[in-house]
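Peer 1: This is the structure I have questions about; it appears just below.
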Amino acid sequence: MLSHGLRRSLTAVTAVVLVIVYIPLALVLLNSFNTDNTFGWPPPGLTLHWWHVAWESQGARDALWTSVRVALAATALALVLGTLAAMGLRRTRFFGRNVVSLLIILPIALPGVVTGLAFQNGFRTILGIDLSLWTIVIAHATFCIVTVFNNVQARFQRLGGNFEQASMDLGAGRWTTFRLVTFPMLRSALLAGALLSFGLSFDEIVVTTFTASPQDQTLPIWIFQNLFRPNQAPIVNVVAAVLVIFSAIPIYLAQRLSGASTEGLTGAR
Amino acid sequence: MTATAISLRGLSKHYDQVRAVDELDLDIADGEFFSMLGPSGSGKTTVLRLIAGFEEPTAGTIVLGEDDVTRRPPFARDVNTVFQDYAIFPHMSVLENVEYGLRVKKVGRAERRTRAEEALATVRLESYAARRPHQLSGGQRQRVALARALVNRPKVLLLDEPLGALDLKLRREMQIELKEIQREVGITFVFVTHDQEEALTMSDRVAVFNEGRIEQLATPVELYERPASAFVAGFVGTSNLFRGEAARELVGAEGAFVIRPEKVRLDAEAPADTSGLCVAPGVVREVVYLGSTTSTVVALDAGPTVTVSHPNTDTSIDAALERRDQRVVLTWRRDHLVSLEEETA
C-alpha cells in the first residue's frame, strides 16, 4: 500500500511527464490549423487551409501510400513468420532453444543505424539487389516479427498445450486442430501483434533511410526532407499530425484488445 | 472370459535415464472400470498418455480391441480422454464443445445436435448447452469434459485424475455418479488417480503402480485384505508392518506381516484366553480423534509403533484421551495377519 503523500507525489510526477511528452505533440496539431505560417504565438487565427494544401500535395500523398503499403506488407510477413516461430519453439525442446528465442527478439533492441547499415550492405553489396519497396518491407519485418512472436508466445504460455491435445484426442487432425482450436484462441493475440507491428513500421525512419530507394519515400522520410524547406513547414505539421493519428490508433486498439482478451481467457481457465 | 478392450505388451517409456514405464503387460476387459493407482511419478499417467497417443512408447505394443494402435496418432484411436484440467475450449459454448468430436468426424448437423444433447442429459447439464465455459463451476466443467468425451462413444474412456480439482463433497458425489454413468453407457473406463479411496470406491479392478511397474493388480477387496507387498499395504489404507526381529517376537515366524489398524484390539490388560491371538504390550503415544473413529498410536515393547483404529460407537473422546502415556495391551487374531511375499534378506 502506498502512503497518501507518496501517492500524491507519484501523481504529480506522472502528470509532469505526460505534459512534457504531449504538449509538443499538441502544438504540432494546433499549428497545423495556424493561419500564420511562421507559427506565431498565440495563433492569430485557425484555418483548414494547410490540411487542404497537404491533401493536394502529390509528394505527401505518395509518401502516405508508400508507408501504408510497407506497413501492411511487413505486418503480413511478421504475422506468418512470428506465428510459425512461436509455434515451432513451443512444440520442440532442443538444445539452444533459448538462443533462438533471443535471436528472434534481438532486432527490436538493436540500434536502427546498425540494422539499417547491415541491411543496405547485405542487399546491395552481398546480394546485389537494388533497393526498393521490398527491401524496406524485409528490413521492417525483422523487428515487426518481435511483436507478433511475443504476443503469440505469451498466449501459448497462458493456454498450455492441453487444448490441442484435447482436439486431437476428439478426432481432429493437425490442420483441423489449428483451424478450429489454435487459431481462434490466438486471434486476439495475433491482432494485437499485428496492430503493434503496423505502428512500428509506419513511423520507422532510421532503418528505412538505409533500405529505401530514392523513389520510395515513406511518410517519416518525406517529413524529414521537407522539414527545412520554409514554405513546406505548414504542410509538414499536417503530415506529422496524420502520422501521430495513424500510429496512435493501432496502439490504442492493441492495448484494449490485449486487456479484454486477458479477462476472457483467464475467466475460462 | 469377456473380450479385451486394451492389451499392453512389453510397454516401456524411457525419458533419458528414467524408466517412467517399464515393460508393462496389462489386459483390460471390455466394460471394466479399471483404475491405475499410485503416487505421483509412478508412471500411471504416462501409461494413460501412451494409450491416448500423446506419447510414443520406447518399446512394446498397444492393442485396442483388435487394432494395433501403437504407432497411430491420437486422432486415429478409438479412445477419448477426460483431462485433469478438463481442457474445455474457452471460445466455444458448452454445446459446441460437446459437439466437437462429431463435428470433426463430419457427422451431420441434426444428428450431432441430438447426440450432444443426449450426452449433456447423461451428465445432467441439459439446461447449460448455451453457456460459455467460464460461466461454469469446476464440477460443471468436469461434466462437460465427460460429455464431450462420451458423445463419441469411444471404445475406451481415459480419465486423468478428473476429480482432483474438486472439493471433497463434490468429489464423493462425482465418484458415485461416474460409476453410475459407466454402468449406464457400458464403456470401458480407465481411471488414473493417486487417491486410494477413490480407486477402491469405483473400480472393478485396480492396478497399483510404483516406479513404472505394477505392484499388484487385484479387485479392491483383495487389494485391501491381501496386499501383495509392503508398498501396496502402505499405499492402500493404513497398515502396521512387522518384519525381521519384530516379526519373530510378535508373530513367532520369519517374514513380513501386515495387520490393519481396525483389526487390532486395545485393552488395559491381556484377555484370559489368548488362543489364536497375538498379544503385544506397549505404551500409548498419541490419540487422534477423527470424528467417526479414533486412532491410537502405540509404541510396542517389541519395538514397532502400531496404529489402532476404533469406531467411536461407545467410547468417549475424553476417555480415549486419558489413555495417553498409559500402558496397554494390543491383541489381534492370527488369521487377520497378512503375510507379504518378500525377498527374505
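Those sequence lines, one after another, are chains A and B.
Add 64 to a position in the first sequence, counting from 1, and you land on the number used in my numbering.
Add 990 to a position in the second sequence, counting from 1, and you land on the number used in my numbering.
Note that beta-carbon positions come from the ideal geometry of N, C-alpha and C, so glycine has one too.
(1) Closest to B:Arg1255 by C-alpha separation, out of B:Val1273, B:Ser1299, B:Ala1218, B:Leu1280, would be which residue?
(2) Listing by chain order, which chain A residues have their CB less than 7 Å from the CB of B:Asp1075?
(3) Would you mind giving the Cβ-Cβ distance between A:Thr111 and A:Leu195, rounded to the nearest angstrom? I have them listed as a contact below 8 Å.
(4) Quick one: what's got a C-beta closer than 6 Å to B:Arg1203's C-beta in the same chain, skipping five residues either side?
(5) Enumerate in chain order the residues of its own chain whose CB-to-CB distance from B:Val1084 is below 6 Å, with the five nearest sequence positions on each side excluded.
(6) Residues of chain B with a CB under 7 Å from the CB of A:Val216: which are they?
(7) Whose C-beta lies closer than 6 Å to the C-beta of A:Trp171 among residues of the same chain, with five residues either side of it excluded?
(8) Which residues, taken in chain order from the segment 1086-1105 of chain B, show a beta carbon closer than 7 Å to some beta carbon of chain A?
(9) Distance, Cα to Cα, B:Lys1003 vs B:Arg1009?
(10) With DSSP as the reference, please indicate the residues paired to B:Asp1150 in a beta bridge.
(11) Can you find the residues in the same chain that come closer than 6 Å, C-beta to C-beta, to A:Val210, ignoring five residues on each side of it along the sequence?
(12) Can you name the start and end residues of the alpha helix (DSSP H) that B:Pro1210 belongs to?
(13) For A:Gly257 and A:Asn214, what's the separation of their Cα atoms in angstroms?
(14) Mind checking who B:Met1192 pairs with in its DSSP beta bridge?
(15) Please state the DSSP three-state secondary structure of B:Ser1002.
(16) Of all Cβ atoms in chain A, is any one closer than 8 Å to the Cβ of B:Thr1071?
(17) Compute the beta-carbon to beta-carbon distance between B:His1081 and A:Pro248, rounded to the nearest angstrom, for a pair I have assumed lies under 8 Å.
(18) Could you tell me if A:Gly331 is buried or exposed, where buried requires 16 or more neighbouring beta carbons within 10 angstroms of its beta carbon?
(19) Cβ of A:Trp260 within 8 Å of Cβ of A:Leu321?
(20) Look at the alpha carbon of B:Glu1252 and the alpha carbon of B:Gly1176, and state the distance between them as a whole number of angstroms.
(21) Go ahead and pull the three-state DSSP assignment for B:Tyr1279.
(22) Should B:Gln1007 go down as buried or exposed, given a rule of 16 or more other Cβ atoms within 10 Å for buried?
(23) Identify every run of the beta strand (DSSP E) within the segment 1103-1173 of chain B, keeping only runs that are complete inside it and at least 3 residues long; order them along the chain.
(24) Taking B:Ala1119 as the query, report the chain A residues whose CB atoms sit under 8 Å from its CB, ordered along the chain.
(25) How about the segment 181-189 of chain A and the segment 119-133 of chain A: do they share at least three Cβ pairs that are nearer than 8 Å?
(26) Locate the alpha helix (DSSP H) running through B:Gly1091, then write down its first and last residues.
(27) What do you get for A:His68, buried or exposed, if any count of 16 or more other CB atoms within 10 angstroms of its CB means buried?
(28) Please report the distance separating the alpha-carbon of A:Leu234 from that of B:Phe1044.
(29) On a CA-only basis, which of B:Pro1261, B:Gln1316, B:Arg1250 is nearest B:Ser1329? Give me that one, please.
(30) Please classify A:Phe220: is it buried, with 16 or more other beta-carbons within 10 angstroms of its beta-carbon, or exposed?
(31) By how many angstroms is the C-alpha of A:Arg71 removed from the C-alpha of B:Thr1112?
(32) I'd like to check one pair, B:Leu1038 with B:Ile1052: are the Cβ atoms closer than 8 Å?
(33) Kindly say whether A:Asp126, judged by its beta-carbon, lies nearer than 8 Å to any beta-carbon of chain B.
(34) Thinking just about the alpha-carbon of each residue, which of A:Leu307, A:Ala297, A:Val270 is nearest to the one in A:Leu283?
Peer 2: The answer reads as follows:
(1) Stepping through the second sequence from its first residue, residue 1255 of chain B is reached at position 265. Comparing alpha-carbon positions, the option among B:Val1273, B:Ser1299, B:Ala1218, B:Leu1280 lying closest to B:Arg1255 turns out to be B:Ser1299.
(2) Reading the second sequence from its first residue, position 85 is the one you call residue 1075 of chain B. Within chain A, the residues near B:Asp1075 are Asn226.
(3) Indexing the first sequence from 1 puts residue 111 of chain A at position 47. Indexing the first sequence from 1 puts residue 195 of chain A at position 131. Between A:Leu195 and A:Thr111 the Cβ distance is about 39 Å, and since that is not below 8 Å, they are no contact.
(4) The residue given as residue 1203 of chain B occupies position 213 in the second sequence. Same-chain partners within the cutoff: Asp1012.
(5) To locate residue 1084 of chain B, count along the second sequence from 1; it is residue 94. The answer, listed in chain order, is Tyr1118, Ala1119, Arg1121, Val1134.
(6) By one-based count along the first sequence, residue 216 of chain A stands at place 152. Within 7 Å Cβ-Cβ: nothing; A:Val216 doesn't reach chain B, min ~16 Å.
(7) As a first step, residue 171 of chain A must be located in the first sequence, where it is residue number 107. In the sequence as displayed, the identity of residue 171 of chain A is Pro instead of Trp. Thr206, Phe207.
(8) Tyr1090, Gly1091, Val1094, Lys1095
(9) The residue you call residue 1003 of chain B lines up with position 13 of the second sequence. The residue you call residue 1009 of chain B lines up with position 19 of the second sequence. Cα-Cα distance, rounded: 6 Å.
(10) On the second sequence, position 160 is the one that residue 1150 of chain B refers to. Answer is B:Val1182.
(11) By 1-based counting over the first sequence, the position of residue 210 of chain A is 146. Same-chain partners within the cutoff: Ile169, Ile172.
(12) In the second sequence, counting from the first residue as 1, residue 1210 of chain B sits at position 220. Where B:Pro1210 is concerned, the enclosing alpha helix (DSSP H) stretches over 1210-1215.
(13) Your numbering for residue 257 of chain A matches position 193 in the first sequence. Your numbering for residue 214 of chain A matches position 150 in the first sequence. Those two C-alpha atoms are separated by around 8 Å.
(14) Taking the second sequence and counting its residues from 1, the one referred to as residue 1192 of chain B is at position 202. B:Met1192 is not bridged to any residue.
(15) To locate residue 1002 of chain B, count along the second sequence from 1; it is residue 12. Residue state for B:Ser1002 is assigned as strand, using DSSP reduced to three classes.
(16) Position 81 of the second sequence, counted from the start, is the residue given in the question as residue 1071 of chain B. Interface residue, yes.
(17) By one-based count along the second sequence, residue 1081 of chain B stands at place 91. By one-based count along the first sequence, residue 248 of chain A stands at place 184. Confirmed, about 5 Å.
(18) Looking up residue 331 of chain A in the first sequence gives position 267. At A:Gly331, the pLDDT of 34 sits below 50, so the modelled position is not reliable and the matter cannot be decided from this model.
(19) Walking along the first sequence from the start, residue 260 of chain A turns up at place 196. Walking along the first sequence from the start, residue 321 of chain A turns up at place 257. Sequence check: residue 260 of chain A is Leu here, not Trp. No, the Cβ-Cβ distance between A:Leu260 and A:Leu321 is not below 8 Å.
(20) One-based indexing of the second sequence puts residue 1252 of chain B at position 262. One-based indexing of the second sequence puts residue 1176 of chain B at position 186. In a straight line, the C-alpha of B:Glu1252 is about 36 Å away from that of B:Gly1176.
(21) Walking along the second sequence from the start, residue 1279 of chain B turns up at place 289. Residue state, collapsed to three classes: strand.
(22) Start at 1 with the first residue of the second sequence, and residue 1007 of chain B comes out as number 17. Burial check for B:Gln1007: the Cβ neighbour count within 10 Å stays below 16, so the residue is exposed.
(23) 1146-1150
(24) For the purposes of this step, residue 1119 of chain B is identified with residue 129 of the second sequence, where counting begins at 1. Chain A residues near B:Ala1119: none, gap ~17 Å exceeds 8 Å.
(25) no
(26) In the second sequence, residue 1091 of chain B corresponds to position 101, counting from 1. Element bounds for B:Gly1091: 1084-1094.
(27) Within the first sequence, numbered from 1, the residue matching residue 68 of chain A stands at position 4. It counts as exposed.
(28) Position 170 of the first sequence, counted from the start, is the residue given in the question as residue 234 of chain A. Position 54 of the second sequence, counted from the start, is the residue given in the question as residue 1044 of chain B. Roughly 12 Å separates the two Cα atoms.
(29) Here residue 1329 of chain B corresponds to residue number 339 of the second sequence, with the count starting at 1. Closest by alpha carbon: B:Arg1250.
(30) For the purposes of this step, residue 220 of chain A is taken as the residue at position 156 of the first sequence. Buried.
(31) The sequence position of residue 1112 of chain B within the second sequence is 122, counting from 1. The sequence position of residue 71 of chain A within the first sequence is 7, counting from 1. Going from the Cα of B:Thr1112 to the Cα of A:Arg71 covers about 56 Å.
(32) In the second sequence, residue 1052 of chain B corresponds to position 62, counting from 1. In the second sequence, residue 1038 of chain B corresponds to position 48, counting from 1. Contact flag unset, no.
(33) Here residue 126 of chain A corresponds to residue number 62 of the first sequence, with the count starting at 1. Output row for A:Asp126: interface = no.
(34) The count along the first sequence starts at 1 and reaches residue 283 of chain A at position 219. If we check each option's Cα against that of A:Leu283, A:Leu307 comes out closest.
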